[in-house]
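In my numbering, the protein residues as written are 7 to 602.
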């Protein structure tokens with residue numbers, strides 16, 4: 007039970023008060039009797055909390071004092087002091103109960119905080135008897151995500167996120183309280199010996215606690231808070247702890263909750279911001295409209311304002327069933343660039359779920375493919391930047407979602423399907439199952455897609471040039487998906503000068519997936535090998551390009567994108583276009599695939 011939860015509980019017999027503890031209506035001797043108690047002292051998990059009146063400022067405050075039995079324990083007093091410091095450092099975050107003062111006197115330490123008139127979410131639910139509608143629960147958790155994201159950015163992990171520590175005021179605003187278990191930057195990292203103010207051995211509340219935190223509280227990270235908030239959301243909707251049953255969880259929240267409460271921290275949302283974006287997308291779902299089943303869900307045209315702050319709304323996935331079997335729902339809204347990585351990730355989850363798939367899946371060759379949602383972006387380079395064939399920069403809308411290979415096609419995958427090794431015996435080739443396949447012509451790449459399509463009874467193909475650039479940019483407007491400075495390219499791209507084994511006379515394509523991914527979770531979109539696109543090359547195509555789903559089929563030569571291990575980072579920009587003959591093969595040309 008949190009201190010605020012306890013403070014608002016039914017009156018209970020009061021523990022014996024040591025010197026310096028006021029009774030109801032009495033004055034605290036500290037600060038010359040400045041505070042008058044106006045409510046019974048209530049035991050919380052971390053101490054005693056009083057509702058009091060500040061006679062100097064004429065406001066109500068909450069006063070937290072260390073438990074009487076711990077007054078003589080120096081370690082407990084030190085932990086209480088660390089809690090106060092954490093609360094003070096977080097005081098400017100809107101949505102965290104305000105810190106006013108910390109005092110130590112002859113009667114012990116105490117915290118002065120804002121008094122919030124309201125009730126905890128645990129009290130609101132009354133032990134699971136009064137469940138919240140899923141939309142209301144999601145709206146409240148969106149607020150919590152926003153607060154905890156800011157705390158995480160400052161290096162703090164709450165470690166006890168639960169309904170009892172989320173206070174709902176009279177205006178409907180949620181306040182995060184009780185930082186008695188917080189891990190702060192000063193604690194020395196996840197495996198520090200820092201132990202917060204606790205009354206028992208368990209650090210946190212088991213019902214809402216992440217597995218790694220239950221194993222060892224020092225292992226708790228921001229992903230542990232994500233797990234706890236996901237568990238809280240599950241409880242607010244069902245009155246039960248996660249993992250017992252999906253019963254009562256609406257389809258809009260199934261995958262969001264499952265993602266937040268994965269057993270492995272790395273499988274959860276990467277941040278509270280990503281969790282928040284997924285919830286916001288769920289809330290954008292329109293009410294079901296009865297319609298006859300359709301083979302391909304219709305995609306609405308984007309209508310989100312083109313602004314750096316624009317957030318695209320999308321539905322949270324429906325789970326394992328397809329839209330036709332689950333009942334028709336409105337499709338998620340397409341993305342509109344610019345958008346951030348959290349929005350990109352949430353939209354991928356939403357669109358994949360709407361189509362009845364995971365946002366990432368693996369085919370018969372072991373190829374991993376990732377959902378790329380439909381959307382609108384600025385294709386090409388702005389004036390004063392890039393080459394002439396990258397102009398004019400123009401708006402393009404991709405109206406259909408697609409799955410794109412997370413990696414370039416590897417030597418192992420090529421050999422498994424085609425039974426050949428065209429790179430073997432060639433100079434500047436590093437052999438290995440995970441190395442990007444090279445010496446592949448455009449015609450050969452098309453044949454690979456046709457054969458794989460026949461084998462799996464679904465359509466595989468090369469990406470269009472517009473699909474490729476949209477996926478590469480992943481919501482960014484910068485020269486590269488990682489920013490405008492090529493100094494960062496070493497972390498994201500194999501290019502001229504940083505390739506393993508590179509010399510002025512040699513080098514080779516590298517194993518895929520060794521650099522950092524872009525916001526869509528795609529690797530090697532900059533560098534390693536040039537990638538064939540579906541389009542024929544036309545230097546002037548942008549001047550007359552269709553606004554929706556463009557693909558140039560006129561001409562002889564073919565577009566290649568991405569840059570490569572033996573070209574500099576400038577040639578690996580998101581908008582950079584290159585050209586080659588469809589029957590040409592070389593040591594630095596490969597491809598990746600699209601699945602429809």
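Beta carbons are placed, not taken as given, at the ideal position from N, Cα and C, and that holds for glycine.
| Which stretch, first to last residue, makes up the beta strand (DSSP E) that contains residue 401? | On the chain shown, position 395 is the one that residue 401 refers to. 400 to 404 is the extent of the beta strand (DSSP E) around residue 401.
| field | Endpoints, alpha helix (DSSP H) assigned at residue 353 | value | Translated into positions along the chain shown, residue 353 becomes position 347. Residues 347 to 360.
| query | Taking buried to mean at least 16 other C-beta atoms within 10 Å of its own C-beta, is residue 111 buried or exposed? | reply | In the chain shown, the residue the question calls residue 111 occupies position 105. Under this definition residue 111 is an exposed residue.
| residue 62, DSSP secondary structure in three states | Along the chain shown, one-based indexing puts residue 62 at 56. Coil.
| request: Have a look at 130, 242 and 237 and flag the residue whose alpha-carbon is nearest the alpha-carbon of residue 166. | output: Counting from one through the chain shown, the residue named residue 166 turns up at place 160. Taking only the C-alpha atoms, the option nearest residue 166 is 237.
| Which listed residue (580, 547 and 552) has its alpha carbon closest to that of residue 564 | Looking up residue 564 in the chain shown gives position 558. Selected option, being the one with the closest Cα: 547.
| request: Kindly indicate the opening and closing residues of the alpha helix (DSSP H) around residue 244. | output: As a position in the chain shown, residue 244 is number 238, starting the count at 1. Segment 228 to 244, the alpha helix (DSSP H) holding residue 244.
| Does the separation of the CB atoms of residue 410 and residue 526 fall below 9 Å? | If you number the chain shown from 1, residue 410 lands on position 404. If you number the chain shown from 1, residue 526 lands on position 520. Yes; because the gap between Cβ atoms is below 9 Å, this pair is in contact.
| message | For residue 420, report the span of its alpha helix (DSSP H) as first-last. | response | Within the chain shown, residue 420 is the residue found at index 414, counting from 1. Unbroken alpha helix (DSSP H) run through residue 420: 417 to 424.
| query | Is it right to say residue 65 is buried, meaning 16 or more other beta carbons lie within 10 angstroms of its own, or is it exposed? | reply | As a working mapping, residue 65 is identified with position 59 in the chain shown. Per the 10 Å Cβ criterion, exposed.
| message | Beta-carbon within less than 7 Å of residue 431's beta-carbon, same chain only, minus the 5 sequence neighbours each way: which residues are those? | response | Here residue 431 is taken as the residue at index 425 of the chain shown, counted from 1. Result list for residue 431: empty, nothing under 7 Å.
| request: Over the uninterrupted alpha helix (DSSP H) stretch that includes residue 365, give me the two end residues. | output: Along the chain shown, one-based indexing puts residue 365 at 359. Residue 365: not part of any alpha helix (DSSP H); DSSP gives it neither H nor E.
| query | Residues in its own chain within less than 6 Å of residue 380 by CB, not counting five upstream and five downstream? | reply | Residue numbering aside, residue 380 sits at position 374 when the chain shown is read from its first letter. Cβ neighbours of residue 380 beyond the five flanking positions: 305, 340, 404, 405, 406 and 407.
| query | When the cut-off is 9 Å and only beta carbons count, does residue 489 lie next to chain C? | reply | Looking for chain C here will not work: only one protein chain is present.
| request: Please go through the same chain and pick out, in chain order, the residues whose beta-carbon is closer than 7 Å to the beta-carbon of residue 104, but skip the five residues on each side of it. | output: Numbered from 1 along the chain shown, position 98 holds the residue referred to as residue 104. Result list for residue 104: 97, 119 and 120, in chain order.
| Distance, residue 338 Cα to residue 351 Cα | Numbered from 1 along the chain shown, position 345 holds the residue referred to as residue 351. Numbered from 1 along the chain shown, position 332 holds the residue referred to as residue 338. Their Cα atoms are separated by approximately 13 Å.
| How many Å lie between residue 470 and residue 180 at the Cα? | Counting from 1 along the chain shown, the entry for residue 470 is found at position 464. Counting from 1 along the chain shown, the entry for residue 180 is found at position 174. Going by the C-alpha atoms only, they are around 46 Å apart.
| query | What separation, rounded to the nearest whole angstrom, lies between the Cα atoms of residue 332 and residue 377? | reply | As a position in the chain shown, residue 332 is number 326, starting the count at 1. As a position in the chain shown, residue 377 is number 371, starting the count at 1. Confidence at residue 332 is low in this model, with a pLDDT of 35, below 50, so its placement is unreliable and no value can be given for it.
| Going by DSSP, which residues form a beta bridge with residue 110? | Numbered from 1 along the chain shown, position 104 holds the residue referred to as residue 110. Looking at the DSSP assignment, residue 110 forms a beta bridge with 115.
| With 16 as the cutoff for other CB atoms within 10 Å, does residue 444 come out buried or exposed? | Taking the chain shown and counting its residues from 1, the one referred to as residue 444 is at position 438. That one is buried.
| request: Please state whether DSSP places residue 382 in a helix, a strand or coil. | output: What you label residue 382 is simply residue 376 of the chain shown in a count that begins at 1. Reduced to three states, the DSSP call for residue 382 is strand.
| Where residue 473 sits in the DSSP three-state scheme | Position 467 of the chain shown, counted from the start, is the residue given in the question as residue 473. Looking at residue 473 - three-state DSSP - the assignment turns out to be helix.
| query | According to the neighbour-count rule (16 or more other Cβ atoms, all chains shown, within 10 Å of its Cβ), is residue 475 buried or exposed? | reply | For the purposes of this step, residue 475 is taken as the residue at position 469 of the chain shown. So residue 475 counts as buried.
| request: Take residue 619 and list the residues in its own chain whose beta-carbon comes closer than 6 Å to its own, dropping the five residues that flank it on each side. | output: There is no way to answer for residue 619, as the model of the chain reaches only from 7 to 602.
| task | For residue 368, count neighbouring Cβ atoms within 10 angstroms of its own Cβ and tell me buried if that reaches 16, exposed if not. | result | Position 362 of the chain shown, counted from the first residue, corresponds to residue 368. Per the 10 Å Cβ criterion, exposed.
| message | Suppose contacts are defined by Cβ-Cβ distances below 9 Å. Is residue 266 in contact with residue 233 by that definition? | response | Here residue 266 refers to the residue found at position 260 when the chain shown is read from its first residue. Here residue 233 refers to the residue found at position 227 when the chain shown is read from its first residue. It is a contact, given that the beta carbons lie within the stated cut-off.
| said: Just to confirm, is the Cβ distance from residue 343 to residue 384 under 9 Å? | reply: If you number the chain shown from 1, residue 343 lands on position 337. If you number the chain shown from 1, residue 384 lands on position 378. Contact: yes.
| query | Is the region 170 to 178 in contact with the region 254 to 273, if contact means three or more CB pairs nearer than 8 Å? | reply | no
| request: Identify the continuous beta strand (DSSP E) that holds residue 496 and give its terminal residues. | output: Numbered from 1 along the chain shown, position 490 holds the residue referred to as residue 496. Taken as a continuous stretch (DSSP letters only), residue 496 belongs to no beta strand (DSSP E), being part of the alpha helix (DSSP H) at 495 to 498.
| request: Can you tell me which of 479, 482, 578 and 451 puts its alpha carbon nearest to the alpha carbon of residue 590? | output: Residue mapping note: residue 590 aligns to position 584 of the chain shown, counting from 1. The option with the nearest alpha carbon to residue 590 is 451.
| request: Sort out for me which residues DSSP pairs residue 489 with in a bridge. | output: Here residue 489 corresponds to residue number 483 of the chain shown, with the count starting at 1. Paired residues: 486.
| For residue 588 versus residue 447, is the C-beta spacing smaller than 9 Å? | Taking the first residue of the chain shown as 1, we reach residue 588 at position 582. Taking the first residue of the chain shown as 1, we reach residue 447 at position 441. It is a contact, given that the beta carbons lie within the stated cut-off.
| Under 9 Å between the Cβ atoms of residue 2 and residue 71? | Residue 2 lies beyond the range of the chain shown here (7 to 602); nothing can be said about it.
| query | Taking the continuous alpha helix (DSSP H) assigned at residue 456, which residues delimit it? | reply | As a position in the chain shown, residue 456 is number 450, starting the count at 1. Element bounds for residue 456: 448 to 462.
| query | The alpha helix (DSSP H) spanning residue 80 covers which residue range? | reply | For this step, residue 80 is matched to residue 74 along the chain shown. Run containing residue 80: 80 to 95, per the alpha helix (DSSP H) assignment.
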